[in-house]
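Enquirer: In the working numbering, the protein residues as written are 175 to 429.
Got a structure here, written out as structure tokens. Questions coming.
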């Protein structure tokens, strides 16, 4: 039992760390959105990338641990034991928490992307470029990091805004790659939840089957007791009849 609680405690601490990293990423993203120079964006982006790598690493490390527990529970034939039920219940709680962390993090990443797109629009406009929605969409979806081109810029301020927009665009491409990886984690989690549902159904079936077996056993015990009482009565009756015959025989010869 102590091993089970140690296992649960270890996973709970790992989820605490994952949630803390998600909060750090959100704070860093807000700081990046507030940056006004290319140098500050690069510095904040570097730190943000490191935190995101840690988050992805922690999220991936948790998956085989959840899968290992799930497999051991599925293969365990002693599903009626208390330790099995405890492990199954705690696994469901931890998996649900993992899902909430990933889902919440994914939602924040999506909001961050929308804000970044808005900044790209605003900064290209300040740089003197008139981009339509299709141009912005092409800029965002490009697999490379194309330079934002337009009319010749004669003012230094316009050039500064243009450089900032280019940095934002590269940052958006990196972010979309990370979101794609998060989406993969989310899909893997859905498979794990489905397996949890199958395990619950299996446990329910075994419990119902056990109850049916117990009910049948009770009926057999009742029949055995009834048969035993009938057997005792027949034996007593036979003994009484034998005694009567013996007494009659003795009386007959005595006379």
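The beta-carbon is built from N, C-alpha and C at its ideal position, and this holds for glycine as well.
Beta-carbon separation of residue 188 and residue 247 under 7 angstroms?
Expert: Not closer than 7 angstroms, so no.
Enquirer: Out of 278, 238, 274, state which residue places its alpha-carbon closest to the alpha-carbon of residue 199.
Expert: When each option's Cα is compared against that of residue 199, the closest is 278.
Enquirer: Identify which residue in 249, 344, 276, 195 has its Cα closest to the Cα of residue 290.
Expert: That would be 344, whose Cα lies nearest to the Cα of residue 290.
Enquirer: Just to check my reading of the structure: residue 233 and residue 192 have Cβ atoms closer than 8 angstroms, yes? What is that Cβ distance to the nearest angstrom?
Expert: About 6 angstroms; that satisfies the 8 angstroms criterion.
Enquirer: Near residue 190, which residues of its chain fall below 6 angstroms by C-beta distance, leaving aside the five closest residues on each side in sequence?
Expert: None.
Enquirer: Would you kindly check if the distance between the Cβ of residue 260 and the Cβ of residue 341 is under 7 angstroms?
Expert: In this structure, residue 260 does not lie closer than 7 angstroms to residue 341 by Cβ.
Enquirer: Leaving out the 5 sequence neighbours to the left and right, which residues in its chain are closer than 6 angstroms to residue 205 when beta-carbon positions are compared?
Expert: Taken in chain order, the residues that qualify are 218.
Enquirer: Report buried or exposed for residue 339, applying the criterion of at least 16 other Cβ atoms within 10 angstroms of its Cβ.
Expert: Buried, because 16 or more other Cβ atoms sit within 10 Å of the Cβ of residue 339.
Enquirer: Might you give, ordered along the chain, the residues of its own chain that have their beta carbon closer than 7 angstroms to the beta carbon of residue 275, omitting 5 neighbours on each side?
Expert: Once the five neighbours on either side are set aside, the close Cβ partners of residue 275 are 189, 192, 193, 196.
Enquirer: May I have the straight-line CA-CA distance separating residue 243 from residue 182, to the nearest angstrom?
Expert: Each residue's alpha carbon lies about 10 angstroms from the other.
Enquirer: Less than 7 angstroms between the beta carbons of residue 225 and residue 249, yes or no?
Expert: For residue 225 and residue 249, no; Cβs fall outside 7 angstroms.
Enquirer: Less than 7 angstroms separating the beta-carbons of residue 300 and residue 185?
Expert: Contact flag unset, no.
Enquirer: Measure the alpha-carbon distance for residue 282 versus residue 263 and round it to whole angstroms.
Expert: Their Cα atoms are separated by approximately 29 angstroms.
Enquirer: Would you list, in sequence order, the uninterrupted beta strand (DSSP E) runs of no fewer than 3 residues that lie entirely inside the stretch 203–249?
Expert: Counting only runs of 3 or more, we get nothing.
Enquirer: Can you tell which of 297, 358, 351 has its C-alpha closest to the C-alpha of residue 207?
Expert: Minimum Cα distance to residue 207 is reached at 297.
Enquirer: Given residue 177, which residues of its chain have a CB within under 6 angstroms of its CB, disregarding the five upstream and five downstream residues?
Expert: Once the five neighbours on either side are set aside, residue 177 has no close Cβ partner at all.
Enquirer: How long is the line joining the alpha carbons of residue 285 and residue 292, rounded to whole angstroms?
Expert: When rounded, the distance between both Cα atoms is 11 angstroms.
Enquirer: Go through its chain and collect everything with a Cβ distance to residue 221's Cβ below 8 angstroms, but skip five positions before and after it.
Expert: Taken in chain order, the residues that qualify are 202.
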